[in-house]
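Just so you know, the protein sequences line up as chains W and G, in that order. Sequential numbering from 0 applies to the first sequence in numbering that gives the first Met the number 0. Sequential numbering from 0 applies to the second sequence in numbering that gives the first Met the number 0. Have a look at the structure below, then the notes.
Number of protein chains: 2
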Amino acid sequence: MDTASGKRPVTIREVAERAGVSISTVSHALSGRRPISAATKARVREAAAELGYDPNPNARSLRTGRSGLVGLILRPRYAVAGTPDRAETFNRLVGSIATEMLRHKTGLIHVPDLHDPAVASVPMDGCIVAHPYGGDTALAELLGRGLPVVTVEEDPEQPDLPWAVRLDYPPVVEALLDHLHDQGARDLLLLSGTEDNAWNRRPRETYLAWCKRRGLPPRTALLSEGLTQHDVPELVQPLLSGPDRPDAIVVATSDFAPLIAEAAAAQGLRIPDDLLLAALTDSEHARTSTPPITAMDLTHEALAERAVELMLARLSGAETPAGPVFLTPELRLRESTRRRD
Amino acid sequence: MDTASGKRPVTIREVAERAGVSISTVSHALSGRRPISAATKARVREAAAELGYDPNPNARSLRTGRSGLVGLILRPRYAVAGTPDRAETFNRLVGSIATEMLRHKTGLIHVPDLHDPAVASVPMDGCIVAHPYGGDTALAELLGRGLPVVTVEEDPEQPDLPWAVRLDYPPVVEALLDHLHDQGARDLLLLSGTEDNAWNRRPRETYLAWCKRRGLPPRTALLSEGLTQHDVPELVQPLLSGPDRPDAIVVATSDFAPLIAEAAAAQGLRIPDDLLLAALTDSEHARTSTPPITAMDLTHEALAERAVELMLARLSGAETPAGPVFLTPELRLRESTRRRD
DNA sequence: TATCATCATCAAAACGTTTTGATGAGCTTT
DNA sequence: AAAGCTCATCAAAACGTTTTGATGATGATA
Chain W
0 MDTASGKRPV TIREVAERAG VSISTVSHAL SGRRPISAAT KARVREAAAE LGYDPNPNAR
60 SLRTGRSGLV GLILRPRYAV AGTPDRAETF NRLVGSIATE MLRHKTGLIH VPDLHDPAVA
120 SVPMDGCIVA HPYGGDTALA ELLGRGLPVV TVEEDPEQPD LPWAVRLDYP PVVEALLDHL
180 HDQGARDLLL LSGTEDNAWN RRPRETYLAW CKRRGLPPRT ALLSEGLTQH DVPELVQPLL
240 SGPDRPDAIV VATSDFAPLI AEAAAAQGLR IPDDLLLAAL TDSEHARTST PPITAMDLTH
300 EALAERAVEL MLARLSGAET PAGPVFLTPE LRLRESTRRR D
Chain G
0 MDTASGKRPV TIREVAERAG VSISTVSHAL SGRRPISAAT KARVREAAAE LGYDPNPNAR
60 SLRTGRSGLV GLILRPRYAV AGTPDRAETF NRLVGSIATE MLRHKTGLIH VPDLHDPAVA
120 SVPMDGCIVA HPYGGDTALA ELLGRGLPVV TVEEDPEQPD LPWAVRLDYP PVVEALLDHL
180 HDQGARDLLL LSGTEDNAWN RRPRETYLAW CKRRGLPPRT ALLSEGLTQH DVPELVQPLL
240 SGPDRPDAIV VATSDFAPLI AEAAAAQGLR IPDDLLLAAL TDSEHARTST PPITAMDLTH
300 EALAERAVEL MLARLSGAET PAGPVFLTPE LRLRESTRRR D
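Given below as structure tokens:
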């Protein structure tokens, strides 16, 4: 095997010479876009095979204006921060989109940075933007370029943008809150993340509306997704002590739930007996913690499937739904919110 | 916001016209590869910004011969088959490579199919091939093209190919076998997968050598990675009944371990009391099964980190190690191989 | 003042395709 | 035998960059 790495790729010109025809004949013979005699076609095919011809994708894309590749931009910053725990969400998101793209035999590019001039720009026919921020600049930029965009979750500032695959939070969050209420909770605390995206905004809105409807005082606070294991207990401790401690906590970031459980234990509070605890995203951490923690599963796989489907439909010029597509997150009820009888 | 999707992108020519200079001056002003007067440079920058100029990546790559993108090819077929269980391995593999690439601000392309003519070929400066097969054709093709390749695990037929990040199985597999032996196992059965890659071959070789050294009769069988939940119990049942049943089973595919545990239970065999059970890859399934199953963690994250590092070093022309890089898998001892005292 | 270097800018070539209008050979029709 | 068709093939343009040799202006030197 020749491993010389400086090898110049075979061009269409060399194939043409070998087959004794013109460049355009080679192109037509291989693409079949114009009739070529059977004999010539065979000769060209043979020459191409012998030389190991592989058309230069850049030249082709430059000419045709399409690369056959789809970009993927993942907005949440924590995704790149990458603590081992946060990785599960990232991996499910990325992995399931990659799986779907492979199933459809279409190349997927992880776009590193849209704006950094040091980063090569990326040849994509369309782009999936996952979990955009409010007034997302990357999203706006792509739309401004006229590139076909499909979002996973919506830009909260532009909720009605078409070609979005969205999660329908209200019924699920209400079901969770009702469940907590059923279990006796009357003083619920919501700890949202600080990324300004739909996942943080929507459940918060639902929570506030629910409290108003129930006549309960809403209590909210922020807990940045970027916090470490060390920060969380410290920040949470004061919330758990004193006479006005909540009797239920809903925390957005699932990884923090077990830390809150520990902090509660340190105060002598038992879960679920003295404090109910639930998270707004699921993770192994939540599933295997003691006790296992009730969580909302965002069904990344389903989001990925629909988003990829939508993107490929758009690129192929097929009919696509006019408005956003809604999926329902799954509520996973576990021991952390189930009072023993 | 203008959402017209048929918008033609801004070219360097339009920037040049707007700034009142030639095309090449724009190129030089933006790239800084030749001195341009401060005034002109400012004018060009302004024009580019106003028009929202973004250089066409295909044209640039065609001219320069580099795209700034790295390809990723995942060989194992099960990866695309994608049962929910198999997904964890796939996601960790893909997710951690994507994470590393993002950290280095370099685009990553999932290559769907190297040979399918219906699939657009992919503009990559180098390619990471994960878990190649014995005599891997895709690997050979890439090497034949002279493309820089880094493999995660080696092609078992060409174990000494440089620029491979390999797992050092023997010490870990021996440690596992010794552990089983310590726990009293004398009749060990190895159930390998059917994908012909290093992960199936190497541990098998170590097992055979270990048996010979210990004077124990080796027993092996195959269990395809593509089997479903329904197939496995049926196939395993006969192995567990009869007087010559093994007292320890090492199964490659981690998802099958809990199924084997069930099949054993159906025969009245208890784990670990009557049968020791271990897997050659880790998964949540194995971690949370009852009892938790001893497994070898392939440390995909570490493999990814080294592979990406190696690839980027090669592409930047830096010094790279001459031979393969070895990492050691982690043995996770759990209850399934620990006899109660 | 003529000559020479320096500096900023320009024009043109090249990268490897696909596409399209033109060309010529071989038939059929008049 | 001339005219018209069809079919296969060809030549050339175009896609949007980067790169390089050429050009002209400006100021320094002889």
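Note that beta-carbon positions come from the ideal geometry of N, C-alpha and C, so glycine has one too.
N- and C-terminal bounds of the alpha helix (DSSP H) containing residue i
i      : result
G/A18  : 11-18
G/R213 : 197-213
W/I108 : Run containing W/I108: none in the alpha helix (DSSP H); it sits in the beta strand (DSSP E), 106-109.
W/S30  : 22-30
G/N57  : 56-63
G/D230 : 230-239
G/E45  : 37-50
G/E87  : 85-102
W/P257 : 255-265
G/L138 : 136-143
Cross-strand partners of residue i (DSSP beta bridge)
i      : result
G/C126 : G/G70, G/V148
G/H284 : Answer is none; G/H284 lacks a bridge partner.
G/V121 : Its beta-bridge partners do not exist; DSSP assigns none.
W/M295 : W/L330
W/F341 : Because chain W spans 0 through 340 in this model, residue 341 of chain W falls outside it and cannot be assessed.
G/A247 : G/L187, G/L275
Other residues of its chain near residue i: CB distance less than 8 Å, five sequence neighbours each side excluded
i      : result
G/D1   : For G/D1, the pLDDT reaches just 35, beneath the cut-off of 50, and the residue's location in the model is therefore unreliable, leaving the point undetermined.
W/T39  : A18, V20, T24, A28
W/L179 : L187, A247, V249, L275, A277, T336
G/L326 : V164, R165, L166, D167, T298, A301, L302, R305
W/V93  : L71, L73, H109
G/N199 : S191, G192, T193, A251
Close-in-space but distant-in-sequence residues of the same chain around residue i (CB under 7 Å, 5 per side omitted)
i      : result
G/L330 : V171, A174, L175, M295
G/S240 : Q266
W/E204 : none
W/A321 : P161
G/H284 : D84, S253, D254, P257
W/V121 : G70, I108, V110
W/P217 : Y206, L207, C210
G/T105 : G67, V69, L311
Start and end residues, beta strand (DSSP E) containing residue i
i      : result
W/P218 : Residue identity check: residue 218 of chain W is Arg in the sequence provided, not Pro. Where W/R218 is concerned, the enclosing beta strand (DSSP E) stretches over 218-221.
Spatial neighbours of residue i in its chain, beta-carbon cut-off 6 Å, leaving aside the 5 residues before and after
i      : result
G/Y52  : V9, V14
G/G134 : E156
W/R91  : H299
G/E304 : E99
G/V43  : A18, V25, A28
G/H131 : The sequence as given places Pro at residue 131 of chain G; His does not occur at that position. The residues are R74, L138, T150, D154.
W/E16  : none
G/S343 : Outside the shown range of chain G, which is 0 to 340, sits residue 343 of chain G, and nothing can be said about it.
Exercise for the section: Specify whether the segment 258-265 of chain W and the segment 294-311 of chain W touch according to this definition: at least 3 beta carbon pairs, one from each stretch, less than 8 Å apart. Expected result: no
Practice task
Evaluate contact between the segment 144-157 of chain G and the segment 120-129 of chain G, counting only Cβ atoms and requiring at least three cross-stretch pairs below 8 Å.
Solution key: yes
Problem - Residues within the segment 196-213 of chain W neighbouring chain G, beta-carbon criterion of under 9 Å - result: none
Practice task
Would you list, in chain order, the members of the segment 306-321 of chain W that have their beta-carbon closer than 7 Å to a beta-carbon of chain G?
Solution key: none
Problem - Within 8 Å of chain G by C-beta, residues of the segment 104-133 of chain W in sequence order - result: K104, T105, G106, L107, I108, H109, V110, P111, D112, D115, A117, V118, A119, S120, V121, P122
Practice task
Check whether the segment 157-170 of chain W touches the segment 95-114 of chain W, taking contact to mean three or more Cβ pairs, one atom from each stretch, closer than 8 Å.
Solution key: no
Practice task
Answer yes if the segment 69-78 of chain W comes into contact with the segment 12-31 of chain W, meaning at least three C-beta pairs across the two stretches below 8 Å, and no otherwise.
Solution key: no
Practice task
Can you give me, in chain order, the residues of the segment 279-291 of chain W that have a beta carbon less than 9 Å from any beta carbon in chain G?
Solution key: E283, R286, T287
Handout entry: Where the segment 137-154 of chain W meets chain G: residues whose CB sits under 7 Å from a CB there
Key = A139, L142, G143, R144, G145, P147
Practice task
Please name the residues in the segment 24-47 of chain W whose beta-carbon is closer than 7 Å to at least one beta-carbon of chain G, in chain order.
Solution key: none
Exercise for the section: Note down, in chain order, all residues in the segment 46-62 of chain G with a beta-carbon under 9 Å from any beta-carbon belonging to chain W. Expected result: G51, D53, P54, N55, P56, N57, A58, R59, S60, L61, R62
Practice task
Please list the residues of the segment 153-177 of chain W that have a C-beta atom closer than 7 Å to any C-beta atom in chain G, keeping them in chain order.
Solution key: none
Handout entry: Members of the segment 235-247 of chain W that neighbour chain G once the beta carbon cut-off is set at 8 Å
Key = none
Practice task
Using a Cβ-Cβ cut-off of less than 7 Å, list which residues of the segment 7-26 of chain W approach chain G; keep chain order.
Solution key: P8
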